[in-house]
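Down below is the structure, laid out as structure tokens.
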Amino acid sequence: MSAPVSLKRVRLNLARTKDHPNGSNRHGYEFIAPLTQTGEIDPQDWKIHREKCRVRRFWGDEEDDIGHLVHRPGGSWAFRYDIDGDEDDEAGYRFAAHAFTPGEYVSIRDDDGELNTFQVVTVQDL
Numbered sequence: 323m324s325a326p327v328s329l330k331r332v333r334l335n336l337a338r339t340k341d342h343p344n345g346s347n348r349h350g351y352e353f354i355a356p357l358t359q360t361g362e363i364d365p366q367d368w369k370i371h372r373e374k375c376r377v378r379r380f381w382g383d384e385e386d387d388i389g390h391l392v393h394r395p396g397g398s399w400a401f402r403y404d405i406d407g408d409e410d411d412e413a414g415y416r417f418a419a420h421a422f423t424p425g426e427y428v429s430i431r432d433d434d435g436e437l438n439t440f441q442v443v444t445v446q447d448l
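What follows is the structure, given as structure tokens:
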């Protein structure tokens with residue numbers, strides 16, 4: 323019997339970088355995903371709830387990007403803002419193996435190919 327899964331809103335803030343030595347709560351992501359009790363993204367439940375699995379990328383003074391959490395061939399996860407176009411996805415580094423719990427760190431490769439680290443700040447029930 324599998325563990326119960328529920329949709330959660332996850333907030334990631336930029337961790338320390340050269341440009342932001344203390345990290346930044348003005349740069350990051352909020353996304354909705356089905357998480358198991360231990361915080362992993364559940365791909366089977368994602369299939370059921372994929373339309374609800376949205377992402378908002380906020381980046382300082384730039385306009386927010388709104389998109390979807392997508393499960394790509396091979397099992398990787400990414401944020402896709404341009405569903406029908408040719409804009410590159412922002413790939414989560416080993417998202418399938420990460421537990422999204424407050425205090426944990428995850429990395430995301432942006433559409434320019436730069437890998438940035440983010441801290442999981444909040445995980446809220448929907």
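361 is the number that our numbering gives to position 39 of the sequence shown; each next residue is one higher, with no gaps. Positions of the beta carbon are idealized from the N, C-alpha and C atoms, including for glycine.
Could you tell me whether the Cβ atoms of residue i and residue j are closer together than 8 Å?
| i | j | result |
| --- | --- | --- |
| residue 415 | residue 431 | yes |
| residue 361 | residue 422 | yes |
| residue 369 | residue 354 | no |
| residue 413 | residue 363 | no |
| residue 367 | residue 356 | yes |
| residue 410 | residue 328 | no |
Leaving aside the five residues before and after residue i along the sequence, list all residues of the same chain whose C-beta is less than 8 Å from its C-beta, in chain order.
| i | result |
| --- | --- |
| residue 427 | 337, 439, 440, 441 and 442 |
Residue i lies in the beta strand (DSSP E); which residues open and close that run?
| i | result |
| --- | --- |
| residue 446 | 437-447 |
| residue 427 | 427-431 |
Drop a sphere of 10 angstroms on the beta-carbon of residue i, count the other beta-carbons inside from all chains shown, and report buried for 16 or more, exposed for fewer.
| i | result |
| --- | --- |
| residue 404 | exposed |
| residue 391 | buried |
| residue 389 | buried |
| residue 350 | buried |
Less than 7 Å between C-beta atoms, sequence neighbours within five positions excluded: which residues of the same chain meet that for residue i?
| i | result |
| --- | --- |
| residue 394 | 400 |
Mind checking which residues open and close the alpha helix (DSSP H) that includes residue i?
| i | result |
| --- | --- |
| residue 370 | 365-371 |
With DSSP as the reference, identify every bridge partner of residue i, one or two as the case may be.
| i | result |
| --- | --- |
| residue 356 | 329 |
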